[in-house]
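Peer 1: Encoded as structure tokens, here's the structure I'll be asking about.
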């Protein structure tokens with residue numbers, strides 16, 4: 017599932033007749049064999065999707081459904097979770113088993129910076145950008161990686177990268193652990209989900225001290241990408257084909273699963289982005305027998 021395969025013959029998807037389609041389509045096709053994992057919105061109607069196959073980045077339009085491969089595949093590359101900084105219009109990309117983090121100009125697609133976060137075994141899974149730093153999770157190690165940001169979102173050189181051990185209540189088990197990550201606008205704390213245990217944590221971004229968020233006995237196993245909007249947290253539970261809706265208390269120390277969003281079009285969704293009153297989930301289709309020739313898409317559902 018994690019092996020990076022080259023993408024051959026990626027084409028523009030949705031150009032031509034797509035622009036005449038109904039506004040904000042419910043399903044947006046991606047290139048055949050793209051093997052998507054992460055999704056994030058950018059400026060205006062833009063969205064970006066990363067590929068497990070050689071690290072390509074797709075850029076599309078939520079309103080028209082049109083788009084194209086924006087950052088071409090690179091041998092050995094992997095793109096997993098994505099985050100966007102509106103100040104700089106930079107796109108931050110988690111590199112999975114490569115242990116890398118990349119930053120692209122979301123206007124031109126040019127590589128702005130490339131960081132080595134960790135050597136194997138590692139799986140740099142997801143990323144969130146706050147006002148002061150970009151934070152990356154590692155599903156194989158109990159740690160976060162911090163890339164500090166300057167005024168206007170300026171990125172530093174390699175020497176500024178920090179590893180922050182996850183401590184406190186955080187526990188690791190066999191398999192994938194720390195996965196999706198998000199933060200409130202002020203960056204006061206981070207929220208991280210553990211895919212294997214189903215536990216949710218509030219994390220101090222300076223120290224890595226993690227406090228389990230009390231969900232009243234509910235579990236979020238198979239938790240993947242997460243999206244925090246106010247006190248509402250959306251958690252994609254990939255193999256279960258649903259998005260859990262968690263209502264957090266004002267301190268984000270406790271929460272309640274108040275709803276589950278499902279859709280017949282879901283096929284192992286992994287991550288989610290928000291736009292207006294909608295959520296956009298990317299179908300990774302893990303387990304499909306021929307991923308190099310499989311069809312992939314993004315599904316819009318109501319919040």
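Residue numbers (the working numbering): 17 to 319. C-beta: ideal position from N, C-alpha, C; glycine also. Remember, it's a predicted structure, so these values are computed and weren't measured experimentally.
#1: In the structure shown, what three-state DSSP assignment does residue 116 receive?
#2: Near residue 61, what residues of its chain come up, given a Cβ to Cβ distance below 6 Å and the 5 sequence neighbours on each side ignored?
#3: To the nearest angstrom, how far is it from the Cα of residue 174 to the Cα of residue 111?
#4: Please confirm whether residue 313 and residue 43 have their CB atoms less than 8 Å apart.
#5: Quick check on DSSP: helix, strand or coil for residue 149?
#6: So, under 8 Å CB-CB, residue 207 and residue 199 are touching, yes? Tell me the CB distance rounded to an integer number of Å.
#7: With distances taken from CA atoms, which of 152, 128 and 95 is nearest residue 66?
#8: Could you tell me which residues DSSP puts in a beta bridge with residue 162?
#9: What is the DSSP secondary structure of residue 215, reduced to helix, strand or coil?
#10: Check residue 299 in the structure and name its three-state DSSP category.
#11: Should residue 299 be labelled buried (16 or more other beta-carbon atoms within 10 Å of its own) or exposed?
#12: Could you tell me the alpha carbon to alpha carbon distance between residue 100 and residue 306, rounded to whole angstroms?
#13: For residue 236, which option in 45, 244, 154 and 210 has the closest C-alpha, if you only look at C-alpha atoms?
#14: If we call anything under 8 Å between Cβ atoms a contact, is residue 132 one with residue 115?
#15: Cα separation between residue 215 and residue 229?
#16: For residue 319, which option in 301, 262 and 286 has the closest C-alpha, if you only look at C-alpha atoms?
#17: From 264, 104 and 46, pick the residue whose C-alpha is nearest to that of residue 86; which is it?
#18: Counting along the chain, where does the beta strand (DSSP E) carrying residue 129 start and finish?
#19: State yes or no: is the C-beta of residue 278 within less than 8 Å of the C-beta of residue 258?
#20: In terms of residues, what are the limits of the beta strand (DSSP E) holding residue 263?
#21: Nearest by alpha-carbon distance to residue 153: which of 107, 170 and 221 is it?
#22: Tell me where the beta strand (DSSP E) around residue 52 begins and ends.
#23: What is the DSSP secondary structure of residue 193, reduced to helix, strand or coil?
#24: Between which residues of its own chain and residue 103 is the CB-CB distance below 7 Å, once the five residues before and five after are set aside?
#25: Once DSSP output is grouped into helix, strand and coil, what is the label at residue 293?
Peer 2: Working from what's here:
#1: DSSP places residue 116 within a strand segment (E or B) once states are collapsed to three.
#2: Correct list, in chain order: 77, 78 and 79.
#3: 15 Å
#4: Yes; because the gap between Cβ atoms is below 8 Å, this pair is in contact.
#5: DSSP places residue 149 in strand when its eight states are reduced to three.
#6: With a Cβ gap of about 7 Å, residue 207 and residue 199 count as contacting.
#7: 95
#8: Note: residue 162 sits in a beta bridge opposite 151 and 178.
#9: coil
#10: strand
#11: buried
#12: 31 Å
#13: 210
#14: yes
#15: 8 Å
#16: Distance check between residue 319 and each of 301, 262 and 286 places 262 closest, using alpha-carbon atoms only.
#17: 46
#18: Per DSSP, the continuous beta strand (DSSP E) segment holding residue 129 begins and ends at 127-132.
#19: yes
#20: Residue 263 -> beta strand (DSSP E) spans 258-264.
#21: 221
#22: 52-57
#23: coil
#24: 168 and 169, listed in sequence order.
#25: Note: residue 293 maps to coil in three-state DSSP.
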